[in-house]
Amino acid sequence: MKLVLNKLILTCLIVCCISADKVAEKILISEVHFSGGLYIHKEKPVTGEIIDYYENNILKFTYAALDGRLHGKATEFFEDGDVKSIRNYKVNKLFGDFTEFYANGEVKVQFEVGLNAYGQGEKLTNIKISKGPGKKLKSYEEGTLIFLDANQNALQTSEQISILKQSKFRIVDDKGSVIYEQ
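In my numbering, the protein residues as written are 895 to 1076.
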């Protein structure tokens, strides 16, 4: 009985030591660099939350990361602390529900992100777009999300660009016409 108890305690200690290496941390984006598709902190892939704050110490964003890749819920906030957007990632790829809000809390744009569009953005379904606060949401069945740089040039897909470059985007329909731009 004592031998079984000792083995159990030893196993628990080993598991705790291994798990301690993967402890979820909150790391400021300024302490993280993005290289080769991985978010790195102190020469190790980030597991935990990548965060940033406004100058008034209100949380600006929090992105869940696992083994250096975005994985899980990401939330961005307005300077007053209200939610600006909620999105989800799987293994560094924007995937699943995405909702962005106006400052008054109304939905600005909402969609589901699916597959990559073979280097030309990301496929969307169930798109809802508002042309302004208090306006009705217009629905579109499908579209493509394209991230943009400061000069409005298309960037690669979400898993290949830093979260800091994922704030400007456009949504186009199957004919390439712009149905939304941020």
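Positions of the beta carbon are idealized from the N, C-alpha and C atoms, including for glycine.
Assuming residue i contacts residue j under a Cβ cut-off of 8 Å, what Cβ separation, rounded to an integer in Å, is found between them?
| i | j | result |
| --- | --- | --- |
| asparagine 986 | glycine 966 | Incorrect: roughly 11 Å between the Cβ atoms, too far for contact. |
| leucine 1042 | arginine 1064 | 6 Å |
| lysine 1017 | leucine 1009 | 5 Å |
| asparagine 945 | histidine 935 | Here residue 945 is isoleucine; the residue named in the question, asparagine, does not match the sequence. Contact doesn't hold; Cβ gap of about 12 Å is too wide. |
| isoleucine 1057 | tyrosine 957 | 6 Å |
| leucine 1082 | valine 1001 | Outside the displayed range of the chain (895 to 1076) lies residue 1082, so it cannot be described from this structure. |
| threonine 1051 | glycine 1015 | 7 Å |
| glutamate 970 | lysine 954 | 7 Å |
In three-state DSSP terms, what is residue i?
| i | result |
| --- | --- |
| serine 1052 | helix |
| serine 924 | helix |
| lysine 1069 | coil |
| isoleucine 952 | coil |
| lysine 1059 | helix |
| glutamate 1075 | strand |
Span of the beta strand (DSSP E) holding residue i?
| i | result |
| --- | --- |
| isoleucine 1065 | 1063 to 1066 |
When DSSP builds the beta bridges, which residues end up paired with residue i?
| i | result |
| --- | --- |
| leucine 1042 | Ala1048 |
| leucine 1018 | Val1007, Gly1037 |
| phenylalanine 992 | Arg981, Phe1005 |
Out of the options, which one is the CA nearest neighbour of residue i?
| i | options | result |
| --- | --- | --- |
| aspartate 961 | Glu949, Pro939, Glu994, Tyr948 | Pro939 |
| alanine 997 | Val1003, Asp976, Gln1050, Glu1036 | Asp976 |
| glutamate 919 | Ile934, Thr993, Leu932, Glu943 | Glu943 |
| valine 1072 | Asn1020, Leu1058, Gly1037, Asn1045 | Gly1037 |
| serine 1033 | Arg963, Val1003, Asn951 | Val1003 |
| aspartate 978 | Gly1028, Gly1026, Gly999 | Residue identity differs from the one stated: residue 978 is lysine in this sequence, not aspartate. Residue Gly999 is the option with its Cα nearest to lysine 978. |
| glycine 1026 | Phe992, Lys984, Tyr1074 | Tyr1074 |
| isoleucine 952 | Thr969, Ser924, Glu973 | Glu973 |
| phenylalanine 928 | Val1066, Ile1055, Asp1067 | Ile1055 |
| lysine 1062 | Asp1068, Lys1069, Gln1076, Val926 | Gln1076 |
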